[in-house]
Structure formats: C-alpha cells, structure tokens
Amino acid sequence: MTQVAQVIEQLCAFDTPTVGNGLELLGVRDPSAGYTGPDVRALMPEMGVRAGIAVTARLDTTSPGTDRPSMDAFWDLLRTAERLSRGAGGEGGVPVFAVVESVGLRPRHTVTIGDGMGTHLKNAGAVGFITNGSIRDIAGVRAVPLACWGAGLSPLHGRLRWLDAGSPVVVDGMTVRQGDVIHADENGALCFPAELAGAVLEQAAVVRDKEARMFETLRQPGMGVDRYLASLRG
11 MTQVAQVIEQ LCAFDTPTVG NGLELLGVRD PSAGYTGPDV RALMPEMGVR AGIAVTARLD
71 TTSPGTDRPS MDAFWDLLRT AERLSRGAGG EGGVPVFAVV ESVGLRPRHT VTIGDGMGTH
131 LKNAGAVGFI TNGSIRDIAG VRAVPLACWG AGLSPLHGRL RWLDAGSPVV VDGMTVRQGD
191 VIHADENGAL CFPAELAGAV LEQAAVVRDK EARMFETLRQ PGMGVDRYLA SLRG
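Offset between the sequence shown (1-based) and our numbering: plus 10.
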C-alpha cells in the first residue's frame, strides 16, 4: 500500500467536518470554498465515511435526441480509475472517488449512475461516487456496494452524452480537479489537493483531541459561561 493510500485510509477514521476543520487549521486556502452544500447529500448514509483520489468527468443526459453518443469518455474514466486503484504492476494503488458533473438542460434531473455503471466503477476501484445530478436503481447500487452522494433520485435518463473525462468539474459549488482527495460522509463532501493529505490527517487528529477536551469540560456538572471562560484562562 502506498503512503498516499495509507493516509487516505487513516482519514476515514474521521468525519468530514473534522477533516475540514483540520484543513482549515493549515491556513492554505480560503475556507469558504472547497465543499458541497445542501443540494448534494449522502444517498446511502449508512455506508459511512468514504475517501479517495478523484477521477472526473462531465455528463449530460437531459438534452433531447435519439442519436447514439460516444461512450469514449466513460471508458477513459474507468481506465483512469483502474490505473490509480491498481498502481504500477497491479500493486500499491489508491482508492478512487468518481466525480461526475451533471450538465445540460436539467442538471439535477441528469441520472449519472445506476447499478450497471456502479458495478463498472466498483470493478475499477471506486469506493465512492458524487454528482450534482441524480442516481437511479438505488437498491442495486447499494448492493454493489458503492456509496453515492447526489441531488437525489430519478427513474430515467435520455442519451448519455459524455462531454469529457479528466477535466476540472464543479459539484454543488465544489471545484474538483482530477487527483484531488475527496472526503465525504453524511454531512457532505470536501476536496483538497493530494499533497496536503498527510498534513490534513495530522491536523484532524489535533482537532479531534482539542474537541474531546472541550466537551469534557462543557459536560461537567454546573458548567456555565463564566466558569467555562475561567477554565480557558487556566
């Protein structure tokens, strides 16, 4: 297992808000960006935390037509996922997180995954999937199993118009570049450059320890505002 893979595995011991707070402690970027809002949610929250290296694509399934668009970008997405997840010579890969931006006339209605595509992604090494569009076949995708984040559910889609793979994408205000780390749980998702993963892991542990001490103090019998402020002064 590569060092990056080990760090990503260890990050799954933390919830996404704690990882986000650890990232903020680094002071390397504006904390008002880099995470999803209320329009994208965990569709299988029981699957817990997922983290991986982003593989990206853009898809439109609501523009009308009866043509048969190319699937080349989808196969490129899967090839990239396989290459990352298997590593050089089939060893030392990293978990991957598929990120598909829904575009077109009705982005939220764009079904970007079902149980068939979910199985392809799982076979390619994906541990999670996130989109600003919808998914379908949720029971089948849950059975794959592949944890998904999205705008919701929809029963159908039009032609699968894959625009490209590997380009920067935007999911609910979160800009993702291929190779970023995605961390997601029932609270939502965030992303950050992979080179920060080790530092984020260290700071997440700092946040967890600090919050544990804070709540231990807050839960003491008779704790009030003045007593708490006095505790901060030592």
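Each residue gets a CB set at the ideal place from its N, CA and C atoms; glycine is no exception.
Item, Value
"Through-space distance from D25 to V151, alpha-carbon basis", "23 angstroms"
"First through last residue of the alpha helix (DSSP H) which encompasses D236", "V235 to L242"
"Residues near D190 by beta carbon distance below 8 angstroms, same chain, minus five either side", "I63, A64, C201, F202, P203 and A204"
"Beta-bridge pairing of V181 - partner residues as DSSP gives them", "M184"
"Terminal residues of the alpha helix (DSSP H) in which H130 lies", "D125 to N133"
"Those runs of the beta strand (DSSP E) which lie wholly inside the segment 161-228 and span at least 3 residues", "171-175, 179-181, 184-186, 191-195 and 198-202"
"Neighbour-count burial assignment, T90, 16 or more Cβ in a 10 Å radius", "buried"
"Beta-carbon spacing of L166, P79 below 8 angstroms", "no"
"Pick from A134, H130, T28 and W159 that is closest to A53, judged by C-alpha positions", "The question names Ala, yet the displayed sequence has Leu at residue 53. L53 has its Cα closest to that of W159, out of A134, H130, T28 and W159."
"D70 - partner residues in DSSP beta bridges", "R171"
"Length of the line joining the Cα atoms of R68 and Q213", "33 angstroms"
"Three CB pairs or more closer than 8 angstroms across the segment 103-116 and the segment 130-149", "yes"
"Segment limits, beta strand (DSSP E) that includes V109", "V106 to S112"
"Where R60 falls, given that 16 or more other Cβ within 10 Å makes a residue buried", "buried"
"Proximity winner among V50, A43, T12 and E34, relative to A194 (alpha-carbon distances)", "V50"
"Pair within 8 angstroms by beta-carbon distance, G102 and T12", "yes"
"Nonlocal neighbours in the same chain, by C-beta distance under 8 angstroms from V104, ignoring five residues either side", "T12, V14, A15, I18, G62, I63, L94, S95 and G97"
"Contact check, L163 vs K132, beta carbons under 8 angstroms", "no"
"For F139, the residue or residues it bridges with in DSSP", "A108 and C158"
"Check whether T120 and T76 have beta carbons under 8 angstroms apart", "no"
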